[in-house]
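In the numbering used here, the protein residues as written are 34 to 321.
What follows is the structure, encoded as structure tokens:
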């Protein structure tokens, strides 16, 4: 059964989990969560074996030369020749094997009623040398990729509150300048990462316009849901708006959000300058 494939891409704290919930509200879809970006090293191996010059010369340009049956019937000839790169795989077969491997992890137990599978991962596109998205586009050329983006200043505040809450609590309690400097270094790094990762994702969308759409977190409550489900090729579920009103768990994040926003006001102009070019491409203005 050939299923539709959908991948959700974006930075951390961009709203990808909410989008995952919304799509999973459809009885036809299962969008898995993050998996630590484990496809990164696998994609490096994928392109390494496909683009190796020695394999191209010895194996890919001589299909069947080292077929097992030929080795069995011509051992003397084979063993007296140069066999250091002896292999019998073909590029198409390799691509299919990588596809089967990924599907065996994510699709092996899906019921017949599920016609669309995929996952969300905030690490793909984060690092310049990561080829995961390139591999997925080759293996799943019909895949639907949704880039979700959120206003950079809101994203940075949310990252700070969710991932560096202990540091925020320490600053609030002790008013230590060294801790405050550490916080400002952190948010600067987050701003740079937001810009770099989203620039890479925009580049993919530009190169593969049929495979990508860009969705703003702030628009999820509007008619963007129709666009999303049309793009995936699924019917929009009834009562999907109820997902918006659900709070899955309560944490200190909301309190920390307010404090992180207060601290960031002093550096807001600098953070915006780092993100501005990319933010404007998404239609954002400085005021979140």
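Where is the CB? At the ideal position from N, CA and C, for every residue including glycine.
CA-to-CA, the gap between residue 67 and residue 156 works out to about 9 Å.
Judged by DSSP secondary structure, residue 131 falls outside any beta strand (DSSP E) and instead within the alpha helix (DSSP H) spanning 124-139. Contact check between the stretch 248-264 and the stretch 177-195: three or more CB pairs, one atom from each, fall below 8 Å, which counts as touching. Apart from sequence neighbours up to five positions away, the residues of its chain that approach residue 171 with a beta-carbon distance below 7 Å are 128, ordered along the chain. Non-local C-beta neighbours of residue 293 in its own chain, meaning closer than 7 Å and more than five positions away in sequence, comprise 190, 193, 194, 201, ordered along the chain. Counting only runs of 4 or more residues that sit fully inside the stretch 184-264, the alpha helix (DSSP H) segments are 185-196, 198-207, 210-240, in chain order. Two segments are said to touch when three or more pairs of C-beta atoms, one from each, lie closer than 8 Å; by this definition the stretch 210-229 does not touch the stretch 70-80.
Secondary structure of residue 151 (DSSP, three-state): strand. Remark: C-beta atoms of residue 40 and residue 273 do not approach each other more closely than 7 Å.
If you draw a straight line from the Cα of residue 95 to the Cα of residue 82, it is about 16 Å long. Pairing residue 42 with residue 253 gives a Cβ-Cβ distance that is not under 7 Å.
Taking a C-beta distance under 7 Å as the contact criterion, residue 276 and residue 55 qualify as a contact pair.
Going by C-alpha positions, residue 301 is about 8 Å away from residue 186. Distances from the CA of residue 199 to each of 224, 288, 159 were compared; the closest alpha carbon is that of 288.
Counted as a single uninterrupted DSSP element, the stretch harbouring residue 80 is not any beta strand (DSSP E) but the alpha helix (DSSP H) occupying residues 72-83.
DSSP links residue 37 through a beta bridge to 149. Between residue 99 and residue 121, the CB-CB gap stays under 7 Å. Partner residues in a beta bridge of residue 118, as assigned by DSSP, do not exist.
Closest option to residue 280, judged by alpha-carbon separation, among 45, 50, 65: 50.
In this chain, residue 273 is not harboured by any beta strand (DSSP E), its DSSP state being neither H nor E.
Taking all protein chains shown into account, residue 270 has 16 or more neighbouring C-beta atoms within 10 Å of its C-beta and is therefore buried.
Per DSSP, residue 90 lies in no alpha helix (DSSP H) segment and is marked neither H nor E. The secondary-structure analysis by DSSP pairs residue 42 across a beta bridge with 154, 180.
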